[in-house]
Ligand code: 5AD
Ligand code: SF4
């Protein structure tokens, strides 16, 4: 036990994107190295950590709800400390403690790795820290997410300032990690048994370190490390290059999946959002991606009910979905975020209209996702076994090259972390079903 702070154990809850998951894993590893023990139950912990997300109001409300619930533990154990870290901490700063006085520490997106120093009261630390900026971020050590897969953040922050988005405010200016750092991180994870990595950035296509852009980085990781599979996200349609598409086609280790958020099907809305592409340009890129790849899985993000989005503009979004035929989509109702450009506009689409649009969009995407998945029936997909199905212990869950979940019957011979050839026998809108086959 750390004598100064009476903290022996901690519990962490993570909200939001994969970048937060990656940050939480690194924070967990740092805390363990410093002698703290992770526990599974909140009521066993001396320190409760919430790594938070601000992307939509709902994400923040969820954290407020949880903070209210954990007050009871503090009443039982006055030594219990509560730390809110990440995006919401960055956005709210001191105000968070004013709103929720039982929160002890608030550490923003660039300061959360200092949590061990803060709880030990080291010189130069304080309970609220939200300053941006590290000369060099390469001190952040990626750690694996599972025994065989890992995330590596290649760039932090975003300079795009899409009108609706809080990310540039809470994650700060874009900073790319050095090529050496990324290669060394991949090699370190490979040495620890990792076979698949995901390179993460708000906009990976804007990655730039000295002369290396993202497509070159992908080649370097593929050619100069022993990693077996490489994934990446998120690609911005404004910055995705034909060369990147060529590299995906040419490098076997780079998986055939692109997440390319379209956000809206209306050029007027896209312009207002500050996305810097037209739907025509978007379709041209999709055509090129399909031309260069016999098989490619496509996913997207879409916002419905953006301020002033008309019914006709929403129909244009449905048209894009029909035309592109995404494998999966993440679909959201617009949520006004304080401080963003679009928060100045009236949130003009009524809530029930937003809900109607979202339901129509989800229904359409589900039927297309179902049809896309039917096309995989009969094919053999080399998939990474990840563990048991979340619903049944009779099935193993694996991930295809195209990032789809495939369920197979449990067999004794197969362990998580193995690649196996799976013949797809059936499919629904979200999941494939198959069996392991021998391949000559
Ligand atoms: N409201 C709704 N969805 C949003 N996103 C980002 N900001 C907002 C917002 N204010 C969505 C975008 C983005 C994804 C990560 O979250 O679709 O691509
Ligand atoms: Fe937000 Fe746009 Fe940056 Fe994505 S590219 S994080 S949507 S500002």
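In the working numbering, the protein residues as written are 16 to 455.
Ideal Cβ placement from N, Cα and C applies to all residues, glycine included.
#1: Assess, as a yes-or-no matter, whether the region 111 to 130 is touched by the region 157 to 168 under the definition of 3 or more beta carbon pairs within less than 8 Å.
#2: Report all residues for which the CB-ligand distance to some heavy atom of ligand 2 is below 6 Å; order them along the chain.
#3: In whole angstroms, give me the CA-to-CA distance for residue 82 and residue 115.
#4: Quick one: Cα of residue 145 to Cα of residue 351, how far?
#5: Please report how far the alpha carbon of residue 137 lies from the alpha carbon of residue 431, in whole angstroms.
#6: Given the structure, does residue 322 come close to ligand 1, in the sense that its CB is under 7 Å from one of the ligand's heavy atoms?
#7: With contact counted as at least three CB pairs below 8 Å, one residue from each stretch, are the region 174 to 182 and the region 222 to 235 in contact?
#8: Does residue 49 pass the burial test, meaning 16 or more other C-beta atoms within 10 Å, or should it be called exposed?
#9: Enumerate, from N- to C-terminal direction, the unbroken beta strand (DSSP E) stretches of 3 or more residues contained entirely within the region 365 to 424.
#10: When you measure from the CB of residue 316 to every non-hydrogen atom of ligand 1, does any distance come out below 7 Å?
#11: Quick check: residue 296 and residue 288, are their CB atoms within less than 8 Å of each other?
#12: Determine contact between the region 407 to 426 and the region 390 to 397, defined as no fewer than three beta-carbon pairs at a distance below 8 Å.
#13: Per DSSP, what kind of secondary structure is residue 163 in: helix, strand or coil?
#14: Report whether the distance from the Cβ of residue 33 to the nearest heavy atom of ligand 1 is below 7 Å.
#15: Scan the region 50 to 75 and note each continuous beta strand (DSSP E) run of 3 residues or more that stays entirely inside, going in chain order.
#16: Buried or exposed: where does residue 306 fall if 16 or more other Cβ atoms within 10 Å of its Cβ makes it buried?
#17: From 153, 181, 255, 219, pick the residue whose C-alpha is nearest to that of residue 192; which is it?
#18: Just tell me which of 406, 59, 262 has its CA closest to the CA of residue 539.
Concretely, from the data shown:
#1: no
#2: 173, 175, 176, 177, 180, 182, 183, 217, 218, 251
#3: 8 Å
#4: 23 Å
#5: 41 Å
#6: no
#7: no
#8: exposed
#9: 395 to 403, 410 to 414, 420 to 424
#10: yes
#11: no
#12: yes
#13: coil
#14: no
#15: 62 to 67
#16: exposed
#17: 153
#18: Here the chain covers residues 16 to 455 and nothing more, so residue 539 does not appear.
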